[in-house]
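Protein chains in written order, with the numbering used here: chain A, 1 to 220; chain B, 221 to 715.
By construction, the Cβ of each residue, glycine as well, lies at the ideal position given by its N, Cα and C atoms.
Owing to the predicted nature of the structure, the values given are computational and were not obtained by experimental measurement.
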């Protein structure tokens, strides 16, 4: 049952629907038949499928070994000319020792806890994890929380995400089923490539208001 | 309704209206609305036709290609339609559920019966929060209540942050498509506009233009204290919103400002999170022909403990503005399923030739022709149900299976039943009905009509009828009638 929220607009709606009083039993929404809603049936080869779909959305994806990740990120950022980086304070990134490696490699890297929101606007690259990845659409999903700020993957020109294969779910159906159970926190962002627009004569231009480069490293 | 002084200058008031749009808006404001002259004018604009046709055809064919990825697109559309229909059929229940969940998440819920109430609620929030720098993401319902302009008039610095809407704002234009607001503009006009607005040399490279807007808006994002969004879906079960976009400007709106206000129509509700899987699979495919958007934002709660970004305050403004009246009509209730994807615009042979401004409303194309008269009154907009060839392409494209052609026909029936079609037209049809009931008169009239039309025809087409029939040939040619009538042919066939 719902808590009592009443308003003339709701009353008007109820009247328009021909009801005198509020429903006492929750209505049953249509069942979701997976035979035509599910696009990905196979649960094997998800990292490869994610890679394929994400690349189609212009995300860069590389499958790497754990011990290579820090070096690969440093090389990638240097190649892109990033001099400063910020990282989410999340366990995988900490375990992989990325901050220390980047600083040694000459990239000034700071963790999210050391920054103010405004400072984030001046940083070249943001490095995050993801809470889920969706193979169907090549999407990274991040649940916002204190150690995993929203701006990390939004305001830098380069966004690097480090993910483990276990977080990859096959289909959007699986993603939303998981999120229904596990919660959304104060909000979530789903990212499927670099920010883009096609407003001017349908010409696709990337790097509009979000990152121009999104790179996912899948740690095998 | 005014805000503390000292707020930044308004961009809208400083610029003259885009001359092309100005002419349209002036005509569109005529009462009653005259679609005929507007569409003739639009169809005669070669530049407009070229850019709109090219752009929307491209989206249309991309959509058709993308739908092939689905195992059974038709069944999926059916299910999406059922989910939305279920939600509007139980809207009272889901509104209560949604509102109570938004409050549980720490947000505030407001209901607005109409545009006046919605504007007041939003201005009051801004005033109370002493917020003056607004970053606004693209939203059709805010166009519906002309929100940006109202906030600017109250002295706030309002920026439309979607690239297309930004261009609309600085050129003082109006969007002409639900998804691609500046589909009516070519790059030369945008380049000229930017060169004037920013005082920079002319450059019509889309990448350069986009980067120029990025640089300008970035500073606005950083300093904003008031974020405004619409909402693609309201999830009753969690009290959260789901919005899709490609540019990242909406992410900015829901991330940086201290206060976030989302204005959403009450019909945007879906019951469960899992329904998003169904709706999102169809929304982007239908809108742009891409399998998914770059960003899907799930938001609608203030920031959690220890978080340094995200809004401190969240307000959801749920607006009725005529929707409950549509709800009361069992016949037209189905139109509230609309998810504003724009697929029917892209599919429509009429829209492709005249663009969006000719529809005289913020909702153009087939869906606009249908909902504008419902929202604003059939007597004012009785031309719009005629703005269709009834070819059915819009129905075929609709991801929630709104039977647009059927409803347009019903509305034509309503026009006749409520005597909105004029005394003379009714008289003609009554006379026609009376005459054609008699086989003898039918034959006589057919013979005379055929003789007359054959005489008028030139090169196989009748292009110019006199007096009362002139309206017919003004916008269409009629093929020359055959030498013999069907009845005559049937007779000889039997002999």
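| message | Does any residue of chain A have a CB that is nearer than 9 Å to the CB of residue 381 of chain B? | response | yes
| field | Exposed unless 16 or more other CB atoms sit within 10 angstroms - verdict on residue 678 of chain B | value | Exposed: under 16 other Cβ atoms inside 10 Å.
| Contacts of residue 483 of chain B in chain A (Cβ-Cβ under 7 Å) | Here the premise fails: no neighbours, minimum Cβ distance about 14 Å.
| field | Endpoints, the alpha helix (DSSP H) within which residue 269 of chain B is located | value | Its alpha helix (DSSP H) spans residues 266-287.
| task | Say whether chain B places a C-beta atom closer than 9 Å to the C-beta of residue 67 of chain A. | result | With respect to chain B, the C-beta atom of residue 67 of chain A has no partner C-beta closer than 9 Å.
| field | Separation of residue 676 of chain B from residue 700 of chain B, as counted between CA atoms | value | 9 Å
| task | Within 10 angstroms of the Cβ of residue 555 of chain B, are there 16 or more other Cβ atoms? Answer buried if so, exposed if not. | result | buried
| 9 Å Cβ cutoff met for residue 307 of chain B and residue 29 of chain A | yes
| query | Going by C-alpha distance, which of B/658, B/599, B/683, B/300 is nearest residue 642 of chain B? | reply | B/599
| query | Roughly how far, in whole angstroms, is the beta-carbon of residue 535 of chain B from the beta-carbon of residue 345 of chain B, given that I think they are within contact range, below 8 Å? | reply | 5 Å
| task | Could you check how far apart the C-beta atoms of residue 531 of chain B and residue 522 of chain B are, in whole angstroms? I think they sit under 8 Å. | result | 6 Å
| request: Using a Cβ cut-off of 8 Å, pull out every chain B residue sitting near residue 12 of chain A, in sequence order please. | output: 333, 540, 544
| Helix, strand or coil at residue 499 of chain B [DSSP, three-state] | Here residue 499 of chain B sits in helix by DSSP.
| query | residue 17 of chain A and residue 311 of chain B look like a contact to me (Cβ under 8 Å); what is the Cβ gap, rounded to whole Å? | reply | About 7 Å separates the CB atoms of residue 17 of chain A and residue 311 of chain B; that is less than 8 Å, so the two are in contact.
| task | For residue 149 of chain A, go through chain B and note every residue whose CB falls closer than 8 Å to its CB, in chain order. | result | 527, 528, 529
| message | Count Cβ pairs between the region 184-201 of chain A and the region 238-257 of chain B that sit closer than 8 Å; are there 3 or more? | response | no
| field | Test: residue 683 of chain B CB closer than 9 Å to a CB of chain A | value | no
| message | With a threshold of 9 Å between beta carbons, is residue 84 of chain A in contact with chain B? | response | no
| message | Quick check: the Cα distance between residue 192 of chain A and residue 462 of chain B, rounded to an integer number of angstroms? | response | 15 Å
| Which term fits residue 98 of chain A, buried or exposed, when burial requires 16 or more other beta carbons within 10 angstroms of its beta carbon? | buried
| Pick from B/656, B/391, B/412, B/682 that is closest to residue 424 of chain B, judged by C-alpha positions | The shortest CA-to-CA distance from residue 424 of chain B to any of B/656, B/391, B/412, B/682 is the one to B/412.
| query | Within 10 angstroms of its Cβ, does residue 684 of chain B collect 16 or more other Cβ (buried), or is it exposed? | reply | exposed
| query | Does residue 492 of chain B come within less than 9 Å of chain A when only Cβ atoms are used? | reply | yes
| request: Determine, using beta carbons only, whether residue 377 of chain B and residue 353 of chain B come nearer to each other than 9 Å. | output: yes
| Alpha carbon to alpha carbon, how far is residue 646 of chain B from residue 393 of chain B? | 39 Å
| Could you give the uninterrupted runs of the beta strand (DSSP E) lying entirely in the region 373-460 of chain B, keeping only those of 3 residues or more? | Whole beta strand (DSSP E) segments, 3+ residues: 377-380, 446-449, 453-455.
| task | Report the rounded CA-to-CA distance for residue 200 of chain A versus residue 12 of chain A, giving the unit in angstroms. | result | 42 Å
| said: According to DSSP, is residue 209 of chain A part of a helix, a strand, or is it coil? | reply: Correct three-state label for residue 209 of chain A: coil.
| Which class does residue 159 of chain A belong to by DSSP, given the choice of helix, strand or coil? | Strand.
| request: Identify the contact partners of residue 303 of chain B in chain A, using a Cβ-Cβ distance below 8 Å as the criterion. | output: 29, 30
| request: Measure the C-alpha to C-alpha separation of residue 579 of chain B and residue 696 of chain B and round it to an integer number of angstroms. | output: 20 Å
| request: List the endpoints of the continuous alpha helix (DSSP H) containing residue 295 of chain B. | output: Element bounds for residue 295 of chain B: 293-309.
| query | Can you tell me whether DSSP reads residue 225 of chain B as helix, strand or coil? | reply | At residue 225 of chain B, the pLDDT of 38 sits below 50, so the modelled position is not reliable; the number obtained from the coordinates is stated separately. Coil, per DSSP.
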